[in-house]
Amino acid sequence: NGDVFGCCVLLDSEIPIIDPATGNATSKFYKAGTILIDPDSECRRSVGAMRNTLIHEALHWEKDRKYFQIKAMRENTTRTDANAFLCRSSGSRRKPNAQQSAKNNFDWLEWQAHRLAPRVLMPAHTFKLKAEELLHEEPESNGITCDDLVQALSDFFIVSRESVKYRLLEVG
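Structural data, given as structure tokens:
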């Protein structure tokens, strides 16, 4: 249904892949470190959103794989209940609550990767310089609208508009 547009395989795993023609899922083995991107995601979303997803999944690999390796060792298994992070468009972007649970741990890891991806794609200093340049390009009489600024930054950094909005809130 287009809900999952990226996946980082954190431990060697069988990952269910949906055949778009039939809608049936078949499991396929992938080595740890593999990042899967829905090939139709660029058509449904944008190149910027696809780049966002790729960085988001790479951050899971870089920052979260040790958690899953240790979890598998503690459970004395090669499998855990989440060998792969599925990047869902329906997922919550809100900060998880502080209660302790296994699901909450996954929510925190997902929230962190979601918040870090725009920071990697648009470093604060470079982002501020480009935003200021765009703001000063327009004559004072007209000015640039917020929507135009978001679109121009999205085009320049080749990221989603949503990522630009997060970054604008962070860097002020």
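Using the numbering used here, the first residue of the sequence shown is number 146, and each one after it goes up by one.
No residue lacks a Cβ here, since even glycine has one placed at the ideal position from N, Cα and C.
In three-state terms, what does DSSP make of residue i?
i	result
Pro268	coil
Ser299	helix
Glu159	strand
Ile200	helix
Ile215	helix
Gly151	strand
Arg210	helix
Asn250	helix
Pro165	coil
Arg190	coil
Asp292	helix
Glu278	helix
For the candidate residues the options, whose alpha-carbon lies nearest to that of residue i?
i	options	result
Lys275	Leu199, Asn250, Val154 and Phe302	Phe302
Ala177	Gly288, Ser305 and Leu155	Leu155
Leu181	Arg260, Arg306 and Arg196	Arg196
Val271	Glu207, Tyr311, Lys208 and Leu298	The amino acid occupying residue 271 in the given sequence is Thr; Val does not appear at that position. Measuring from the Cα of Thr271, the nearest candidate turns out to be Leu298.
Ser158	Val295, Thr198 and Thr179	Thr179
Cys153	Glu278, Gln296 and His201	His201
Trp256	Gly288, Tyr311, Glu278 and Leu279	Tyr311
Trp253	Tyr212, Met267, Ile289 and Glu278	Tyr212
Pro263	Glu278, Val309, Leu280 and Glu277	Val309
Which residues mark the beginning and the end of the beta strand (DSSP E) in which residue i is found?
i	result
Ser308	From DSSP, Ser308 is part of no beta strand (DSSP E) but of the alpha helix (DSSP H) over Arg306 to Val316.
Ala170	Ala170 to Tyr175
Ile182	Ile180 to Ile182
Nearest-angstrom Cα distance between residue i and residue j?
i	j	result
Val265	Ile160	27 Å
Gly219	Tyr175	What sits at residue 219 in the sequence shown is Arg, not Gly. Those two C-alpha atoms are separated by around 22 Å.
Ile215	Phe251	14 Å
Glu315	Gly193	19 Å
Asp183	Arg190	11 Å
Glu282	Leu294	11 Å
Asn169	Leu204	30 Å
Lys110	Leu261	Residue 110 lies beyond the stretch modelled for the chain, which goes from 146 to 317, so this question has no answer here.
Ala269	Cys291	18 Å
Ala166	Ser305	28 Å
Glu278	Ile163	45 Å
Leu199	Gly151	7 Å
Met267	Asp185	25 Å
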